[in-house]
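J.:
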Amino acid sequence: MRKSVLILCCAIVACAADAPRASSAEVRPRIRAVTAFIEIDPGNYTERIQEAQKFLATAKDALNKAGFDGAGGRITTQPFPQYTRGMKTADAVRFIGKLREAAPKEGFNIASAMLHDSDDPAAASLLIEILSKVNVTANLITADEQGIHWNAIRQAAKVIKQLSQRSPHGDANFNFGAIAMMKPYGPYYPGSYHIGKGRAFAIAMEGAEVVGDVFRQYRDPVEAEKHLSDVLNTYAKQVESVAIQLAKTTGWTYEGIDATPAPLGDRSIATAIEHFLGAPFGSVGTETASGIITRSVQSTAVKHTGYSGIMIPIMEDNVLARRWSEGTFTLDSILAYSAVCAGGVDTLPLPGDVSEEQIARILGD
Numbered sequence: 006m007r008k009s010v011l012i013l014c015c016a017i018v019a020c021a022a023d024a025p026r027a028s029s030a031e032v033r034p035r036i037r038a039v040t041a042f043i044e045i046d047p048g049n050y051t052e053r054i055q056e057a058q059k060f061l062a063t064a065k066d067a068l069n070k071a072g073f074d075g076a077g078g079r080i081t082t083q084p085f086p087q088y089t090r091g092m093k094t095a096d097a098v099r100f101i102g103k104l105r106e107a108a109p110k111e112g113f114n115i116a117s118a119m120l121h122d123s124d125d126p127a128a129a130s131l132l133i134e135i136l137s138k139v140n141v142t143a144n145l146i147t148a149d150e151q152g153i154h155w156n157a158i159r160q161a162a163k164v165i166k167q168l169s170q171r172s173p174h175g176d177a178n179f180n181f182g183a184i185a186m187m188k189p190y191g192p193y194y195p196g197s198y199h200i201g202k203g204r205a206f207a208i209a210m211e212g213a214e215v216v217g218d219v220f221r222q223y224r225d226p227v228e229a230e231k232h233l234s235d236v237l238n239t240y241a242k243q244v245e246s247v248a249i250q251l252a253k254t255t256g257w258t259y260e261g262i263d264a265t266p267a268p269l270g271d272r273s274i275a276t277a278i279e280h281f282l283g284a285p286f287g288s289v290g291t292e293t294a295s296g297i298i299t300r301s302v303q304s305t306a307v308k309h310t311g312y313s314g315i316m317i318p319i320m321e322d323n324v325l326a327r328r329w330s331e332g333t334f335t336l337d338s339i340l341a342y343s344a345v346c347a348g349g350v351d352t353l354p355l356p357g358d359v360s361e362e363q364i365a366r367i368l369g370d
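Quick note, the sequence shown lines up with residues 6 to 370 if you use the working numbering.
Here it is in structure tokens:
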């Protein structure tokens with residue numbers, strides 16, 4: 006049996022009604038995470054991480070009291086090549102391990118190996134060593150407003166292929182993202198990064214069930230988009246009011262909300278879309294539903310950050326995984342949906358004998 010490789014590639018792309026049926030109860034979004042952005046060096050990392058942990062505990066308490074469950078803490082540093090510069094590979098891996106040990110309960114992201122196509126590709130090689138040994142997340146930027154980073158794409162393909170061979174079942178690839186058109190301060194992992202001075206935060210919402218609740222009631226595209234926009238806007242503004250107050254009381258800078266209705270397990274975006282379609286995910290109309298969700302998220306009257314669209318993480322959504330195995334959608338389908346959403350190719354299973362060149366072509370597309 007061949008081993009599978011997992012790709013995490015997220016790209017932002019500029020991108021007669023049924024009678025409504027009342028919901029039996031309010032469906033509120035959860036908070037997937039509050040992400041704290043810090044700037045560290047080998048001499049101050051313990052203090053900076055402790056400051057972030059204190060802030061994250063305060064943020065979780067405030068959001069939970071406001072009626073939003075979840076709000077687990079995450080920490081993102083500046084790009085790791087900045088604080089591992091001059092270290093030998095073994096020393097750099099050991100230092101990243103110390104960062105992980107200092108934040109055992111929080112998610113931990115060491116940001117981007119390459120921000121620009123002219124950056125030293127040695128950082129990508131170092132990242133392979135780090136991710137194969139330490140449970141942190143990281144990314145590599147493959148496109149921005151200046152164009153596609155073709156060298157970075159080749160390096161990302163190398164990382165993906167190597168991690169598939171150097172971690173059980175290729176699972177380290179869940180901690181790596183090849184990201185495109187992503188701005189700093191996204192709260193979702195592994196595409197999170199920043200290049201500032203730290204003491205900033207962003208909030209990731211989790212609302213696949215909110216989408217499902219609206220699509221269960223409204224299947225006319227115009228009505229569905231109107232109601233979904235209204236609901237997401239209401240909740241996003243409530244979250245932002247908490248965030249603004251947090252910024253005032255803590256001195257941390259609020260960088261925005263990613264209201265992407267991210268799925269997880271049985272809280273499925275595929276199920277939500279199937280309510281709209283009345284058919285399996287991947288059927289005709291899936292792209293329409295993807296566009297409705299993306300426009301609704303982007304219409305929220307809050308400070309936006311991150312993806313702000315729709316995610317289609319095949320192996321993190323139980324129904325998506327089932328539909329993939331049933332063949333109701335394909336890689337080409339996902340690329341088409343990405344034309345109207347932010348999802349890109351996310352946790353896609355590939356055969357273990359896929360080549361670096363083939364992976365690079367997928368990333369390029």
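Using N, Cα and C, we set each Cβ at its ideal position, and we do this for glycine too.
All of these numbers come straight from a predicted model, not from anything done at the bench.
Would you kindly work out how many angstroms separate the C-alpha atoms of Thr142 and Leu282, rounded to a whole number?
T.: Within the sequence shown, residue 142 is the residue found at index 137, counting from 1. Within the sequence shown, residue 282 is the residue found at index 277, counting from 1. Answer to the nearest angstrom: the Cα atoms are 35 angstroms apart.
J.: Hey, Gly78 and Glu111: beta-carbon distance below 8 angstroms or not?
T.: On the sequence shown, residue 78 is found 73 positions in, with the first residue counted as 1. On the sequence shown, residue 111 is found 106 positions in, with the first residue counted as 1. A contact, by the Cβ cut-off of 8 angstroms.
J.: For Asn144, is the classification buried or exposed, using 16 other Cβ atoms within 10 angstroms of its Cβ as the cut-off for buried?
T.: In the sequence shown, residue 144 corresponds to position 139, counting from 1. Answer is buried; the Cβ neighbour count reaches 16.
J.: Scan the stretch 227–303 and note each continuous alpha helix (DSSP H) run of 4 residues or more that stays entirely inside, going in chain order.
T.: Those alpha helix (DSSP H) runs which fall completely within the stretch 227–303 and span 4+ residues are 274–282, 291–303.
J.: Kindly list the residues whose CB is nearer than 8 angstroms to the CB of Asp122, restricted to its own chain and excluding five residues on each side of it in sequence; keep chain order.
T.: Sequence index remark: in the sequence shown, residue 122 carries index 117 (1-based). Taken in chain order, the residues that qualify are His154, Trp155, Asn156, Ala157.
J.: Should the stretch 296–311 be called in touch with the stretch 232–240, which here means at least 3 C-beta pairs below 8 angstroms?
T.: Yes: the two stretches touch, three or more of their Cβ pairs being nearer than 8 angstroms.
J.: Quick one: what's got a C-beta closer than 6 angstroms to Asp23's C-beta in the same chain, skipping five residues either side?
T.: Taking the sequence shown and counting its residues from 1, one reaches residue 23 at position 18. Residue placement at Asp23 is flagged as unreliable, the pLDDT there being 36, under the threshold of 50; the coordinate-derived value follows with that caveat. So the qualifying residues of the chain are Arg224.
J.: Checking 8 angstroms against the spacing of the C-beta atoms, do Ile165 and Asn180 come in under that value?
T.: Along the sequence shown, one-based indexing puts residue 165 at 160. Along the sequence shown, one-based indexing puts residue 180 at 175. No, Cβ-Cβ distance for Ile165 and Asn180 is not below 8 angstroms.
J.: Would you call the stretch 283–292 and the stretch 319–335 in contact, with 3 or more CB pairs under 8 angstroms?
T.: With a cut-off of 8 angstroms, the stretch 319–335 and the stretch 283–292 count as touching, because enough Cβ pairs lie within range.
J.: Quick one: what does DSSP say Pro86 is sitting in, helix, strand or coil?
T.: Taking the sequence shown and counting its residues from 1, the one referred to as residue 86 is at position 81. Helix, per DSSP.
J.: Is the number of C-beta pairs between the stretch 334–345 and the stretch 249–268 that are closer than 8 angstroms three or more?
T.: Touching, no, given that fewer than three Cβ pairs across the two stretches are closer than 8 angstroms.
J.: Using the three-state DSSP reduction, which class does His174 fall into: helix, strand or coil?
T.: Residue numbering aside, residue 174 sits at position 169 when the sequence shown is read from its first letter. Of the three classes helix, strand and coil, the one that applies to His174 here is helix, per DSSP.
J.: Given a threshold of 16 other Cβ atoms within 10 Å of its Cβ, counted over all protein chains shown, does Pro34 qualify as buried or as exposed?
T.: Start at 1 with the first residue of the sequence shown, and residue 34 comes out as number 29. When all chains shown are included, Pro34 counts as buried.
J.: With DSSP run on the structure shown, which of helix, strand or coil describes Asn144?
T.: The residue given as residue 144 occupies position 139 in the sequence shown. Reduced to three states, the DSSP call for Asn144 is strand.
J.: Spatial neighbours of Ile200 within its chain, please: CB distance less than 8 angstroms, with the 5 preceding and 5 following residues excluded, ordered by chain position.
T.: Position 195 of the sequence shown, counted from the first residue, corresponds to residue 200. So the list reads Gln83, Pro84, Leu120, Pro189, once near-sequence residues are dropped.
J.: Closer than 7 angstroms by C-beta to Leu168: which residues in its own chain qualify, once you throw out the five before and the five after it? Chain order, please.
T.: Locating residue 168 in the sequence shown gives position 163, where the first residue counts as 1. These residues qualify, in order along the chain: Ile133, Leu136, Ser137, Gly175, Ala177, Asn178, Phe181.
J.: Pick helix, strand or coil for Arg2, following the three-state DSSP scheme.
T.: The displayed coordinates of the chain run from 6 to 370. Any statement about residue 2 would go beyond what the structure contains.
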